[in-house]
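In my numbering, the protein residues as written are 99 to 534.
What follows is the structure in structure tokens.
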């Protein structure tokens, strides 16, 4: 291979059964868009039903004939990869912590989330495509899942490191539920030495004010939206990767409809893979189009068309890196050991705080269980007033159910959560020794 262009797209399709609005119509429209021939590799999240997975595979098989759906947990991992090129190997790695089973409204635990790897043969080279969907942030002011996301991010970075093998290019494409300033994002970037293909921080991939599914409350609280869907890249020592184009390819509304394709925006990146020549010192070249003066909500479209200047919606205010010149320190593949050291230290501190909370929770659950058990015994000593037998039995049943719940949460679940957190913490401590 001398050079090869690759178009990669990631999209959280918001495919929650009975909850997601317009799901059936949107899946049809998403499938039609993906079959347009614009994309070589597609990474989808929240494909929660096998029916939707099969539908998308059927709609795209003429253009993207290779597909893999990752099964995991109770309702599946929700991850689907579609490819123009042969998928020769797949591997799924489940995370050790993944939300709480009793918070049914959040449902992350039931998905059995993790990171999926598809080893794709592109011409005579191999591309490793990693698809991941980290735990959601449900409450910005009281984020109970921050430690979970940090452990998931570190675990994913370790998985990417461990599966480099002979990959020419590694691509992580998914809904990471992490903004560029979040510690989970930084841990992932610095630990796996990945590069963010986006260099315009005002890009919004979730809760965009132009999306039909963004609530009025979200628009008011965060008018600029947030960038939590990412495509991150790392090249081998023998390959030079140029980021030709980064954009949000889909229109604000499905053509002819009043709704968007999803509550997230799709992200597309065009990459140019080239065999390194003598004298090449940089593995990844990027077009620096940050801080351009384009209007809010405009499509981010940076193109490399030497010798012309790259443009963003016609605004000629970008530059391409010269041959052999690495990107700015802000966008470069991170190699700073002090930064990696500090991030791992902070992550370990989060794990330690979470372990202390688990210890406190364990005591509380057992105390509540013992108190209710005592109350249940006392209740049995008193006669039931006439006409209240049914209510009395229901009350006893409810109290007994709460006792069982508290006993489970204080024992089995607490131990599972503790061991999952310790697994992440001890791995971080090992990495910390290496970073020193």
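For glycine and all other residues, C-beta sits at the position ideal for the given N, C-alpha and C. These numbers were taken from a predicted model, which means no experiment stands behind them.
- A straight-line Cα-Cα distance of about 49 Å links residue 121 and residue 485.
- For residue 344 and residue 330, the gap between their C-alpha atoms comes out near 12 Å.
- In terms of Cβ geometry, residue 268 and residue 258 form a close pair [threshold 8 Å].
- Under the three-pair Cβ rule at 8 Å, the region 234-242 does not count as touching the region 504-521.
- Secondary structure note for residue 476: its alpha helix (DSSP H) is the uninterrupted segment 435-479.
- Looking at the backbone, the Cα of residue 183 and that of residue 218 are separated by about 6 Å.
- With a contact defined as Cβ atoms closer than 8 Å, residue 285 and residue 255 qualify at about 7 Å.
- Spanning the alpha carbons of residue 510 and residue 503 requires a straight line of approximately 11 Å.
- With a contact defined as Cβ atoms closer than 8 Å, residue 112 and residue 362 qualify at about 7 Å.
- In this structure, residue 102 keeps its C-beta atom at 8 Å or more from the C-beta atom of residue 364.
- Among the bridge pairs identified by DSSP, residue 217 is matched with 187, 226.
- As DSSP reads the structure, residue 344 sits in a beta bridge with 367.
- In this structure residue 160 is in contact with residue 133, their Cβ atoms being roughly 6 Å apart against a cut-off of 8 Å.
- For residue 503, the enclosing alpha helix (DSSP H) stretches over residues 487-506.
- Counting C-beta atoms within 10 angstroms of its own C-beta, residue 168 has 16 or more neighbours from the protein chains shown and is therefore classed as buried.
- Between the beta-carbon of residue 175 and that of residue 212 there is about 6 Å, and that keeps the pair under the 8 Å contact cut.
- Within the same chain, 533 come within 7 Å of residue 435 by CB-CB distance, once the 5 residues on both sides are set aside.
- In the DSSP annotation of this structure, the continuous segment of the alpha helix (DSSP H) that includes residue 252 starts and ends at 244-260.
- DSSP, reduced to helix, strand and coil, places residue 235 outside both helices and strands of the structure shown, so it counts as coil.
- Residues 232, 233, 234, 235, 247, 326 of the same chain have their beta carbon placed closer than 7 Å to that of residue 275, with the five preceding and five following residues left out of the count.
- Sequence-distant Cβ neighbours of residue 474 in its own chain, meaning closer than 8 Å and more than five residues away, are 494, 497, 498, 501.
- Taking the C-beta atoms as reference points, residue 177 is found no nearer than 8 Å to residue 110.
- Look at residue 151 here: in three-state DSSP terms it is helix.
- For residue 110, the enclosing beta strand (DSSP E) stretches over residues 101-110.
- Residue 168 carries a strand assignment under DSSP once its states are collapsed to helix, strand and coil.
- Using a Cβ distance threshold of 8 Å, residue 360 and residue 351 do not count as a contacting pair.
- A distance of 8 Å or more separates the beta carbons of residue 262 and residue 292.
- Distance between residue 308 and residue 318, taken at the CA atoms: about 13 Å.
- The alpha-carbon of residue 145 is positioned some 6 Å away from that of residue 151.
- In the structure shown, the three-state DSSP call for residue 177 is strand.
- Residue environment analysis places residue 119 among the exposed positions, since fewer than 16 neighbouring C-beta atoms fall within 10 angstroms of its C-beta.
- As the crow flies, the alpha-carbon of residue 222 is around 16 Å from that of residue 181.
- The beta carbon of residue 305 sits closer than 7 Å to the beta carbons of 312, 316, 320, 323, 324 from its chain, once the five residues preceding and following it are set aside; these are given in chain order.
- Annotation for residue 331: the continuous beta strand (DSSP E) segment containing it runs 327-333.
- Counted as a single uninterrupted DSSP element, the beta strand (DSSP E) harbouring residue 141 occupies residues 139-143.
- Between residue 452 and residue 194, the C-beta gap is not smaller than 8 Å, which leaves the two residues out of contact.
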